[in-house]
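Numbering-wise, the working numbering puts 1321 at position 222 of the sequence shown, and it's gapless, one number per residue. Just so you know, even glycine gets a beta-carbon here, dropped at the ideal spot from N, CA and C. Given the structure is predicted, the values throughout are model-derived calculations rather than measurements. Everything on this sheet refers to the single structure shown next.
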Amino acid sequence: MKILYVIYQVCFALPILLVLTILTALVTIIGSLIGGAHLWGYYPGKVWSRLICYILLIPVKVRGREKLGKRTSYVFVPNHQGSFDIFLIYGFLGRNFKWMMKKSLRKLPFVGKACESAGHIFVDRSSPKKILATMRQAESSLKDGVSLVVFPEGARTFTGHMGYFKRGAFQLADELQLEVVPVTIDGSFDILPRTGKWVHRHRMILTIHDPIPPKGKGVENVKATMEEAYIAVESALPEKYKGMVKNEDQDR
């Protein structure tokens, strides 16, 4: 069965997905120029992500979407299991949002330009001035119910376990007094681990936890929110992936 699935990927799924990716990038770029990034920066990516999951025959289950307010902006903080996290969040979170991502992703053919056109936020840590500019861009995006998605680990796991959370997303939420929503991704690592070459068919579950409101402002609020979010995200992982394992490239 595994061999048949590999053949299906090579002969059918991957060529179609390559074409879909290029078309989605072009639609996003052109649409954002003509009609604005609020619409075109989200919906083409949402459809693209769902099609990828459907074409690769990957079942998806979402829990907890009813916990979110329709017109509320949030800072979502999911764990980072693998490449398929992108498709799960983009396709099934059900919220218009902006990604906060590494600036190196801007160099990806088609996709990097599409993300830039869509108004997603590239993090530049090269100087305090550029970090502040990143924060200001994020602040200007978080309006009219548009949210922000940040992988607080900063890097994909090598083992399926979570690494430690970095402070950036929580500091931004603290500064803007926004609710933080922990999100658990389960199954993406089993589909395509960081060191894997082929997609394995496996279900994915997206668990949206209760939003964490600000309990004040400042260092103590940031610390408390980070700890509460980490516990919530880890709680919905299978036992085999519980426990922190620091990724070797988290500090880069």
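| Item | Value |
| --- | --- |
| Buried or exposed (CB count within 10 angstroms, at least 16 for buried), residue 1110 | exposed |
| Cβ pair residue 1214, residue 1186 closer than 7 Å | no |
| Beta-carbon proximity list for residue 1265, same chain, < 6 Å, skipping 5 on both sides | 1251 and 1253 |
| Exposure label - residue 1297; buried when at least 16 CB within 10 Å | exposed |
| Contact check, residue 1305 vs residue 1191, beta carbons under 7 Å | yes |
| Among 1333, 1247, 1269 and 1329, the one whose alpha carbon lies nearest that of residue 1319 | 1269 |
| Strand pairing of residue 1220, partner residues [DSSP] | 1199 |
| Straight-line Cα distance separating residue 1241 from residue 1326 | 23 Å |
| Beta-carbon separation (whole angstroms), residue 1263 vs residue 1145, contact threshold 8 Å | Not quite, the Cβ-Cβ distance comes to about 30 Å (not below 8 Å), so this is no contact. |
| Pair within 7 Å by beta-carbon distance, residue 1285 and residue 1301 | no |
| Residue 1160 in three-state terms, based on DSSP | strand |
| Whole-number beta carbon distance between residue 1166 and residue 1307, since they are thought to touch under 8 Å | 6 Å |
| Contact under 7 Å by Cβ, residue 1120 with residue 1139 | no |
| Run of the beta strand (DSSP E) containing residue 1278, from where it starts to where it stops | 1278-1285 |
| Sequence-distant residues of the same chain with beta carbon closer than 8 Å to residue 1219, five excluded per side | 1140, 1197, 1198, 1199 and 1200 |
| Terminal residues of the beta strand (DSSP E) in which residue 1353 lies | Because the chain here runs from 1100 to 1351, residue 1353 falls outside it and cannot be looked at. |
| Nearest to residue 1113 (by Cα), restricted to the options 1143, 1125 and 1156 | 1156 |
| Euclidean distance between Cα positions of residue 1212 and residue 1129 | 11 Å |
| Cutoff 7 Å; reference residue 1309; Cβ partners in own chain excluding five residues on either side | 1166 |
| Spatially closest choice to residue 1102 from 1336, 1299, 1177 and 1276, by CA coordinates | 1299 |
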